[in-house]
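Trainee: Following this message is one structure expressed as C-alpha cells.
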C-alpha cells in the first residue's frame, strides 16, 4: 500500500519532492516546452497551500548532451505556474543546499540543482546502497518526508528515486497516484480492449504484446511504425533494403524472431499494416505490402490509407484503447496522417489511454486531444503494462511511516 498526500501531515513539514521536469531546451537556454512542469503543478500547489516547506528535486538532460543544463529556468517557470516566488539554489546536497532548505518558511518552495550534475545520480543502485550515497546522506537531515511525483522516471533506481524513500517517510504525489490508479488497473477497463503499438522501441513493444496477449488483456494488437515493420518482416514481407537496414542497424534481428513467435502463437489477434507510405519525388506515395519493390527502395515512413481504414474498423468496436508509439514519422507533415487519424479515432472510444514519452510529444505536436488519460511516462508506462515492478514505486511501498504529529 502506497501512502499519498492525503496521508501526509503537511503543515510545517519539510518535504523533498522528486518531479520529472526534463524538458527540451531552446538554443538560448530557455524551456522550449513546459508540459512536464505543468503536470506537477497540482502536487506542488497543494503542498505549499497546506503549509509545506517544499524542496524540489529533478534532473535535466544527460551528461554531455545539449540539454544537460541548470534548473534555474525551470524554477523561473514554476514561479509563474504556481503564482508565487520559487527560489533556486545552484547546489543539490551540499551545505548551500541544506541552508536553502533550512531557510524555508511554511508555504515556501525552492528548486535544488539538477540531480544529474552529481555523478551517482545517473547510476543504478539497490535502495539500501542508494541510501548511503552523498545525495541521500546530505539531504536526509533537513527533510522530514519525501514525495515522489516523477512517474516518468519510476523505472529507474537512482538515489533520488529509491534512496530517499528508504530513509524518509514516502508518499506518492498526485501525478504518481493518478498513473498508478490508471495503469495499475488496466484489467478492470471495459472490453473489447485494443492495444496500438508503434514507434521505434521494438523490444519494449514486443514485451508488451507478449504480456497482454498471454494474460488475455488484449483482444487485438495493432502494429505500426518500426514495430509494424518488424512484424511485417517476421511475416515474410520484403520491405526493401532501406527499412530492413534500419531495423538491422538498430540491433533488432532477434526481435524479428520474437515477432515471428508471437505471430505463430497469437496471429489471429495481431493486425499488421496492409500498405505503407514512402517518400517519392518529395511526395507521399502509398504502396500495398505486396507491391513493394524488392531491393533498393524507399523506406516505409507511415501506414497507408488501407491500413488506416482497417485499423479504424477494429477501433470502432473497442471499449478501451491503449496506445504507445506513433504510427510513422509524424515530424514530417507528409507522414503525420497515420498518427493523427489513428490516435484521433481512439479518442471516440469510452476509454483511451496513451503511453507517455515520444507518444505524448507527438500528440502535443499534432494537437490531438480528448484522451481519457495521457501518461507522463514512456518507459515506466510500458513497464507497468507488462506487470513489471517499478523500482521507485517499490521503494515507496517499503518507505517508513511518518511519525504521529505528537511524537
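In our numbering, the protein residues as written are 1 to 407.
Ideal Cβ placement from N, Cα and C applies to all residues, glycine included.
Spatial neighbours of residue 88 within its chain, please: CB distance less than 6 Å, with the 5 preceding and 5 following residues excluded, ordered by chain position.
Mentor: Against the chain shown, residue 88 aligns to sequence position 88. Counting only Cβ-Cβ distances below 6 Å, and skipping sequence neighbours, we find 72, 75, 111.
Trainee: Please return the same chain residues whose Cβ sits closer than 7 Å to the Cβ of residue 85, not counting the five positions on each side in sequence.
Mentor: In the chain shown, residue 85 corresponds to position 85, counting from 1. Taken in chain order, the residues that qualify are 79.
Trainee: In whole angstroms, what separates the C-alpha of residue 212 from that of residue 230?
Mentor: For the purposes of this step, residue 212 is identified with residue 212 of the chain shown, where counting begins at 1. For the purposes of this step, residue 230 is identified with residue 230 of the chain shown, where counting begins at 1. So the two alpha carbons sit approximately 19 Å from each other.
Trainee: Is the number of C-beta pairs between the segment 273-287 and the segment 219-234 that are closer than 8 Å three or more?
Mentor: As far as the Cβ criterion goes, the segment 273-287 touches the segment 219-234, which means the pair count is three or higher.
Trainee: Extract the residue ranges of the alpha helix (DSSP H) inside the segment 275-345, only unbroken runs of 4 or more that lie entirely within it.
Mentor: Whole alpha helix (DSSP H) segments, 4+ residues: 305-316.
Trainee: Which residue's Cα is closest to the Cα of residue 240: 301, 254, 141?
Mentor: By one-based count along the chain shown, residue 240 stands at place 240. Minimum Cα distance to residue 240 is reached at 301.
Trainee: Of all the alpha helix (DSSP H) runs that stay within the bounds of the segment 225-257, which reach a length of 4 or more residues?
Mentor: The segment 225-257 contains these whole alpha helix (DSSP H) runs: 225-234, 241-249.
Trainee: State yes or no: is the C-beta of residue 36 within less than 7 Å of the C-beta of residue 45?
Mentor: Taking the chain shown and counting its residues from 1, one reaches residue 36 at position 36. Taking the chain shown and counting its residues from 1, one reaches residue 45 at position 45. No, these two residues do not count as a Cβ contact at 7 Å.
Trainee: Where does residue 406 fall in DSSP's three states?
Mentor: Taking the first residue of the chain shown as 1, we reach residue 406 at position 406. Low local confidence applies: a pLDDT of 49 at residue 406 is under 50, so the model's placement there is unreliable, with the coordinate-based value given in what follows. Note: residue 406 maps to coil in three-state DSSP.
Trainee: Taking the runs of the alpha helix (DSSP H) that are 4 residues or longer, which of them lie wholly in the segment 130-216?
Mentor: You should have 134-139, 164-167, 174-183, 202-214.
Trainee: Write down the C-beta distance between residue 395 and residue 156 rounded to the nearest angstrom, noting that I regard them as a contact closer than 8 Å.
Mentor: Within the chain shown, the letter at position 395 stands for residue 395. Within the chain shown, the letter at position 156 stands for residue 156. Their Cβ separation, rounded to whole angstroms, is 11 Å, which puts residue 395 and residue 156 out of contact at 8 Å.
Trainee: Excluding the 5 residues preceding and the 5 following residue 333 in the sequence, name in chain order all residues of the same chain whose CB lies nearer than 8 Å to its CB.
Mentor: As a working mapping, residue 333 is identified with position 333 in the chain shown. Cβ within range, chain order: n/a, list empty.
Trainee: In whole angstroms, what separates the C-alpha of residue 389 from that of residue 297?
Mentor: Residue mapping note: residue 389 aligns to position 389 of the chain shown, counting from 1. Residue mapping note: residue 297 aligns to position 297 of the chain shown, counting from 1. Distance between the alpha carbons of residue 389 and residue 297: 42 Å.
Trainee: Out of curiosity, what's the CA-to-CA distance linking residue 363 and residue 224?
Mentor: As a working mapping, residue 363 is identified with position 363 in the chain shown. As a working mapping, residue 224 is identified with position 224 in the chain shown. Straight-line Cα distance between these residues: approximately 16 Å.
Trainee: Within 10 angstroms of its Cβ, does residue 460 collect 16 or more other Cβ (buried), or is it exposed?
Mentor: Past the edges of the chain, shown from 1 to 407, lies residue 460, and the structure says nothing about it.
Trainee: Mark residue 20 as exposed unless 16 or more other C-beta atoms lie within 10 angstroms of its C-beta, in which case mark it buried.
Mentor: Taking the first residue of the chain shown as 1, we reach residue 20 at position 20. Looking at its Cβ environment, which holds 16 or more other Cβ atoms inside 10 Å, residue 20 is buried.
Trainee: Please say whether residue 368 and residue 343 have beta carbons closer to each other than 7 Å?
Mentor: Counting from one through the chain shown, the residue named residue 343 turns up at place 343. Counting from one through the chain shown, the residue named residue 368 turns up at place 368. Their beta carbons are under 7 Å apart, which means residue 343 touches residue 368 by this criterion.
Trainee: Counting along the chain, where does the beta strand (DSSP E) carrying residue 352 start and finish?
Mentor: Counting from one through the chain shown, the residue named residue 352 turns up at place 352. From DSSP, the beta strand (DSSP E) with residue 352 extends over 351-354.
Trainee: Below 8 Å on the Cβ atoms is my contact criterion, and I expect residue 195 with residue 218 to pass it. Report the Cβ-Cβ distance as a whole number of Å.
Mentor: Here residue 195 corresponds to residue number 195 of the chain shown, with the count starting at 1. Here residue 218 corresponds to residue number 218 of the chain shown, with the count starting at 1. Confirmed, about 5 Å.
Trainee: According to DSSP, what are the bridge partners of residue 88?
Mentor: As a position in the chain shown, residue 88 is number 88, starting the count at 1. Partner(s): 111.
Trainee: Given residue 151, which residues of its chain have a CB within under 6 Å of its CB, disregarding the five upstream and five downstream residues?
Mentor: By one-based count along the chain shown, residue 151 stands at place 151. Only 175, 176, 179, 376, 377, 380 meet the Cβ criterion.
Trainee: Excluding the five sequence neighbours on either side, which residues of its own chain have a C-beta within less than 8 Å of the C-beta of residue 413, listed in chain order?
Mentor: Outside the shown range of the chain (1 to 407) lies residue 413, about which nothing can therefore be said.
Trainee: Since residue 55 is in the beta strand (DSSP E), which residue starts that stretch and which ends it?
Mentor: As a first step, residue 55 is located in the chain shown; it is residue number 55 there, counting from the start. Run containing residue 55: 53-57, per the beta strand (DSSP E) assignment.
Trainee: Report the rounded CA-to-CA distance for residue 244 versus residue 361, giving the unit in angstroms.
Mentor: Numbered from 1 along the chain shown, position 244 holds the residue referred to as residue 244. Numbered from 1 along the chain shown, position 361 holds the residue referred to as residue 361. If I take the Cα positions, the gap works out to 26 Å.
Trainee: Flag this pair as yes or no: are the beta carbons of residue 299 and residue 242 separated by less than 7 Å?
Mentor: For the purposes of this step, residue 299 is taken as residue 299 along the chain shown, with counting starting at 1. For the purposes of this step, residue 242 is taken as residue 242 along the chain shown, with counting starting at 1. Their beta carbons are under 7 Å apart, which means residue 299 touches residue 242 by this criterion.
Trainee: In whole angstroms, give me the CA-to-CA distance for residue 51 and residue 259.
Mentor: Numbered from 1 along the chain shown, position 51 holds the residue referred to as residue 51. Numbered from 1 along the chain shown, position 259 holds the residue referred to as residue 259. Distance between the alpha carbons of residue 51 and residue 259 is about 53 Å.
Trainee: Using a Cβ-Cβ cut-off of 7 Å (strictly less than) and excluding sequence neighbours within five positions of residue 406, which residues of its own chain qualify?
Mentor: In the chain shown, the residue the question calls residue 406 occupies position 406. For residue 406, the pLDDT reaches just 49, beneath the cut-off of 50, and the residue's location in the model is therefore unreliable, leaving the point undetermined.
Trainee: Count the other CB atoms, across all protein chains shown, that sit within 10 Å of the CB of residue 318; report buried if there are 16 or more and exposed otherwise.
Mentor: If you number the chain shown from 1, residue 318 lands on position 318. Residue 318 is buried by the Cβ-count criterion.
Trainee: From the DSSP output, in three-state form, read off residue 16 for me.
Mentor: Working through the chain shown from its first residue, we reach residue 16 at position 16. DSSP places residue 16 in strand when its eight states are reduced to three.
Trainee: For residue 374, collect the residues of the same chain with a Cβ closer than 6 Å to its Cβ; drop the 5 residues on either side in sequence, then sort them by chain order.
Mentor: Along the chain shown, one-based indexing puts residue 374 at 374. Same-chain partners within the cutoff: 354, 360.
Trainee: Please name the residue or residues paired with residue 4 in a DSSP beta bridge.
Mentor: Residue mapping note: residue 4 aligns to position 4 of the chain shown, counting from 1. For residue 4, which the question treats as bridged, DSSP gives the partners 172.
Trainee: Look up residue 223 in the DSSP assignment and say whether it is helix, strand or coil.
Mentor: Counted from its first residue, the chain shown places residue 223 at position 223. In the structure shown, residue 223 sits in a strand (DSSP, three-state: E or B).
Trainee: How many Å lie between residue 312 and residue 349 at the Cα?
Mentor: If you number the chain shown from 1, residue 312 lands on position 312. If you number the chain shown from 1, residue 349 lands on position 349. Cα to Cα, residue 312 sits roughly 11 Å from residue 349.
Trainee: Give the DSSP bridge partners of residue 31, in chain order.
Mentor: By 1-based counting over the chain shown, the position of residue 31 is 31. Answer is 25, bridged to residue 31.
Trainee: Does the distance from the C-beta atom of residue 203 to that of residue 255 stay below 7 Å?
Mentor: For this step, residue 203 is matched to residue 203 along the chain shown. For this step, residue 255 is matched to residue 255 along the chain shown. Yes, they are a contact pair.
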